[in-house]
Amino acid sequence: LELATKDLVHLPEFAAVISSDALIGRLLTIEGNAQGRKHIMLLSHPESKIPVQIGENGIQAMLAGQGHRIARLEYQQRSLTDIKVGDQVLSSRFSRYLPTGLNIGVVKSINESEITVALAFDPDLLRYIGVISAKTGRP
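Count along the sequence shown from 1, add 877, and you get the number used in this note's numbering.
Spelled out as structure tokens, the structure:
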């Protein structure tokens, strides 16, 4: 998604982009653009990586986009037995840019080589979005 309105060019890079119930991505500046145009890197994008926390124990990992509504967990700090299908995935307190505790999705499947996450938003159904200034929680 590319944004060009005058109000959005003044928002900080990496600000959280949210739907009514979930984090959907981050606001990025388009390289080499003098007008300060922004685009949204969705969490599902293959180049997207953000720190997350999983389940009640707050297990830390990196979420890497895999395409439409799917992501995978990388670098989890504990064994796979500490993560269960259905565990909630939230934005991590260790992010330099994103507010802590934003809904991201749930653990969908676990196997020996990969943990997949079903993202909480459907990009085909997005009608309205919000932007939260990085780490401040201000709209």
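Positions of the beta carbon are idealized from the N, C-alpha and C atoms, including for glycine.
Asked	Found
Under 8 angstroms, do Pro928 and Met939 count as touching if we go by C-beta distance?	yes
Is it buried or exposed for Gly935, if we count other Cβ within 10 angstroms and need 16 for buried?	exposed
Measuring CA to CA, which of Ile981, Ala892, Tyr952 and Lys926 is closest to Val966?	Ile981
Do you know how far the Cα of Ser921 is from the Cα of Leu900?	11 angstroms
Note down the Cα distance separating Glu933 from Gly978, rounded to an integer number of angstroms.	12 angstroms
Just how far apart, CA to CA, sit Gln943 and Ile992?	12 angstroms
Mapping the DSSP letters down to three states, classify Leu1002 as helix, strand or coil.	helix
Classify Leu950 as buried or exposed, calling it buried when 16 or more other Cβ atoms lie within 10 Å of its own Cβ.	buried
Going by C-alpha to C-alpha distance, which of Ser897, Ala893, Phe891 and Ala892 sits closest to Leu1002?	Ser897
Can you say whether Val894 is buried or exposed, counting buried as having 16 or more other CB atoms within 10 angstroms of its CB?	buried
Look at the alpha carbon of Gln930 and the alpha carbon of Tyr1005, and state the distance between them as a whole number of angstroms.	26 angstroms
Taking the alpha carbon of Ala997 as the point to measure from, which residue in Ser990, Leu975 and Ile947 has its own alpha carbon closest?	Ile947
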